[in-house]
Amino acid sequence: VEGSLHIGNSYWITQKSFDETKGLQPFRPIEVIPETVGQYTELYDNATSDGICEHDIVKFEYDGEEIIGTIKYERGLYIVVNNKLPDGYIWLNDLYECDEWCNCEVIGNTHDNPELMEG
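Take 1185 as the starting number for the sequence shown in our numbering and just add one per residue.
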């Protein structure tokens, strides 16, 4: 379904999929665009408690400056990429070690909101 987030495997179980008398009904596959599939990081957004995924665009504070960056998976770990950062990135786990003062928040993703990364 275009413009909506689906979490899980390639099959979606809904209330309509389960009938108390008949049990689990046939699964309904959801077709996705492969390049839009992002891995879940097991970390959560401060504002909404939603899970953060690869390709999400996050806003956070770093050295007193607001930074907007993209979540990417590199060398077995997740990073937030932005050229304003000293190395051009910061490890996502480092943001969560300083959770109280950096206020990481998901503001969109690279597929639905590419304009957030401009400028």
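A virtual CB, placed ideally from N, CA and C, is assigned to each residue, including glycine.
Quick caveat: nothing in here was measured; it's all calculated off a predicted structure.
C-beta contact flag for residue i and residue j at 8 angstroms
i       : j       : result
Asn1266 : Ile1252 : yes
Cys1288 : Leu1279 : yes
Asp1240 : Ile1255 : yes
Asp1291 : Trp1275 : Going by the sequence as given, residue 1291 is Ile instead of Asp. Their beta carbons are not under 8 angstroms apart, which means Ile1291 does not touch Trp1275 by this criterion.
Cys1286 : Tyr1228 : no
Lys1268 : Glu1281 : no
For residue i, the three-state DSSP class (helix, strand or coil)
i       : result
Thr1220 : helix
Glu1226 : strand
Residue of the options minimising C-alpha distance to residue i
i       : options                               : result
Tyr1224 : Tyr1246, Pro1218 and Gly1235          : Gly1235
Thr1294 : Glu1245, Cys1286, Glu1238 and Gly1260 : Glu1238
Asn1226 : Pro1298, Tyr1257 and Pro1270          : The residue asked about is misnamed: residue 1226 is Glu in this sequence, not Asn. Glu1226 has its Cα closest to that of Tyr1257, out of Pro1298, Tyr1257 and Pro1270.
Tyr1273 : Thr1232, Asn1297, Pro1298 and Phe1244 : Phe1244
Asp1296 : Val1221, Thr1205 and Glu1215          : Val1221
Leu1261 : Pro1270, Asn1277 and Pro1298          : Asn1277
Pro1298 : Asp1271, Val1242, Pro1270 and Glu1215 : Val1242
Proximity test, residue i beta-carbon vs the ligand GTP heavy atom, cut-off 7 angstroms
i       : result
Met1301 : By its list of ligands, the structure shown contains no ligand whatsoever, and the ligand GTP lies outside what it can speak to.
### Query
Which ranges does the beta strand (DSSP E) cover as unbroken runs of at least 3 residues, wholly within the region 1246-1297, from first to last along the chain?
1249-1258, 1261-1265, 1273-1275 and 1289-1293
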